[in-house]
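Worksheet: the structure to be examined is printed underneath.
Residue numbers (my numbering), protein chains in the order written: chain A, 17 to 155; chain B, 391 to 891.
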């Protein structure tokens, strides 16, 4: 965890529920991440266009734009971007999970079933996996 | 075109001029006759006699002429009434001559005119009611309907079109579609209506009814996915209507249909949202302050967290039951190493077992096991559920044993505990929905009555069986069997549980 803090990783968290967004941001910041929170789909898409992030933590049921739609549009615009995306939601439909992976999501976490600590662990693992891969880091 | 005179003037001119003229002409004729007669005879006396004789003749003649003129006057006055629009007026003239024929002809004309006008009036009402009906129909179409003229300017738009595009009808009418709407295809490229959907009446390229799923940028900048249909208006006689745009908002349809979100799913989502906060905040609180708290308070916190997590499980179970009932619960089967899978699942439960001071053993025979076709996520739900039940109904210091063996062409896995056991009368209903064992089991029970029902459904989908052997006070052993993978069926398959089972 320390090496992550040394080389601070940026995470974009798109989550409309304030309580949930706050606790995730707190735990991720504590774990050494630089967290940017957006609370609706449109603002999230804008932030994604304007900034560079090491990981996107994306809710699905969002005001403005559906999370899967946001991901779809982003993938269309940036097909080569390797930023890992973890979907974070309470929708448990198989169809949603399938769609999420089709759109290139790295993981899918049911919020209610994970503690913030477990979420942080998942994020650390996801970023580590990405860096151990053969893909060069994207700008 | 001459301005018609006021009827009073015309009436005056008839009375004063024609009648007087006739009488005057009569008098003058007689006068000339008398004067001529006198001049021819050169006698004043004869003249006076002539006057005396001719005057009554002139008067009688005048009266006869006036009587003859009366029906003509009647026709004149009647025609004035008709001219005012009182088409029910009829002439009642029985002179037996041409004047009666004229009167009858006018009567017939008036009748025909009256009928025609009545027909026109009815048609007008009909046209109005048709227009209202048409407006009501267009307004109540749930798809957005936008009518365009030949220059692709908006002529009309219904409520649904206002809702889909974000523009009011007033904002749209008279403006070209290009100035209002941006349509994009799936890759984000702008679609030109002009190129893709010609509206010109005689344009042979026009293809009515062709529809495409496109993205429409609304007035507020949000994008919606619409099924766009443009039909050219072909039979628009004497109008400049060019075509109809039909916008069906498929954003919601797509989102909801594709994901088959039903009420239970949405309710689960809504319940899970605050529940996530509860679990999150409690877990952080416990992590950071647990050690500083008094034992009793830490216990309170633990209980709250355990309860919240149980609620999470319950919601997940309800969601699964809902899927099972809808027939949308599916398993994606793949060939897996059962020994490895079972080991992982058991290891994940060791911590909870240790917390309750229960020993959990995995009894495996040496050597590899035959492969089985399973959906690892679903089948692990079954194992976890059975272990969790065993932990719940086994007292501290008890034991749980997980074993596996090949019986004929099946792999049978068992989870045995040294718990309270299940009364024989309860066993028959154990795998039904919401069934809870009453009595001793109930007191410490933490179950939802759904776990075994879901487990049975999952095992059914794997074409296996699930059953239990139990003795009250000694413990229970749950078994489930899975058919061995047929090498010829090694490709992954997806099976769905029939909703009726």
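Quick reminder that beta carbons are idealized off the backbone N, C-alpha and C, glycines included.
Between the alpha carbons of residue 850 of chain B and residue 97 of chain A lies a distance of about 42 Å. Between residue 35 of chain A and chain B, the shortest Cβ-Cβ separation is below 8 Å. The closest CA to that of residue 703 of chain B, considering only B:747, B:778, B:763, B:678, is found on B:778. In the DSSP assignment, residue 700 of chain B falls within the unbroken alpha helix (DSSP H) covering 685 to 716. Residue 818 of chain B counts as exposed, since fewer than 16 other beta carbons sit within 10 angstroms of its beta carbon. Remark: C-beta atoms of residue 751 of chain B and residue 791 of chain B approach each other more closely than 8 Å. Rounded to whole angstroms, the Cβ separation of residue 705 of chain B and residue 132 of chain A is 19 Å, and the two are not in contact under 8 Å.
Using beta-carbon distances, residue 125 of chain A does not count as an interface residue toward chain B, since no partner is under 8 Å. Residues of the segment 39 to 50 of chain A whose Cβ lies closer than 9 Å to any Cβ of chain B, in chain order: 39, 40, 42, 43.
In the three-state scheme derived from DSSP, where H, G and I count as helix and E and B as strand, residue 578 of chain B is classed as coil. Distances from the alpha-carbon of residue 745 of chain B to those of B:776, B:692, B:764 put B:692 closest. CA-CA distance, residue 483 of chain B to residue 425 of chain B, rounds to 40 Å. With respect to the 8 Å criterion, residue 81 of chain A and residue 48 of chain A are not classified as neighbours on the basis of their beta carbons. The alpha-carbon separation between residue 516 of chain B and residue 561 of chain B amounts to approximately 31 Å. Exclusion of the five residues before and after residue 556 of chain B leaves 608, 609, 610 as the residues of its chain whose Cβ lies within less than 6 Å of its Cβ. With contact defined as three or more Cβ pairs closer than 8 Å, the segment 798 to 818 of chain B and the segment 851 to 865 of chain B are in contact. Comparing alpha-carbon positions, the option among B:498, B:616, B:665, B:512 lying closest to residue 550 of chain B turns out to be B:616. Relative to the Cα of residue 486 of chain B, the nearest Cα in the group B:520, B:461, B:723, B:501 belongs to B:461.
Among the residues of chain A, those whose CB is under 7 Å from the CB of residue 670 of chain B are 36, 39, 131, 132, following chain order. Residue 677 of chain B reaches chain A at 133, counting residues in chain order whose Cβ is nearer than 7 Å. Distance from the Cα of residue 639 of chain B is smallest, within the candidate group B:619, B:543, B:786, for B:619.
Judged by beta-carbon spacing, residue 138 of chain A lies within the 8 Å limit of residue 102 of chain A, meaning their Cβ atoms are closer than that value.
Taking all protein chains in view, the Cβ of residue 491 of chain B is surrounded by fewer than 16 other Cβ atoms within 10 Å, so the residue is classified as exposed. Taking C-alpha positions only, residue 37 of chain A is separated from residue 571 of chain B by approximately 35 Å.
In the structure shown, residue 724 of chain B adopts extended strand secondary structure according to DSSP, grouped into three states. The secondary-structure analysis by DSSP pairs residue 872 of chain B across a beta bridge with B:801.
Look at residue 461 of chain B here: in three-state DSSP terms it is helix. Listed in chain order, the non-local C-beta contacts of residue 31 of chain A below 6 Å within the same chain comprise 37, 75, local neighbours out to five positions each way being set aside.
Nearest Cα to residue 613 of chain B within the set B:741, B:578, B:785: B:578.
Nearest neighbour of residue 441 of chain B by Cα position, chosen from B:714, B:413, B:418, B:871, turns out to be B:418.
Residues of the segment 679 to 706 of chain B with a C-beta atom less than 8 Å from some C-beta of chain A are 702, 705, 706, listed in chain order. Residue state for residue 54 of chain A is assigned as strand, using DSSP reduced to three classes. Of the candidates B:762, B:771, B:714, B:712, B:771 places its Cα closest to the Cα of residue 738 of chain B. From the beta-carbon of residue 541 of chain B, no residue of chain A is found nearer than 9 Å; the closest lies around 33 Å away.
When Cβ pairs closer than 8 Å are counted between the two stretches, the segment 495 to 513 of chain B is seen not to touch the segment 523 to 533 of chain B, the count staying below three. Contact of residue 666 of chain B with chain A by beta-carbon distance below 7 Å involves 36, 106, 127, 128.
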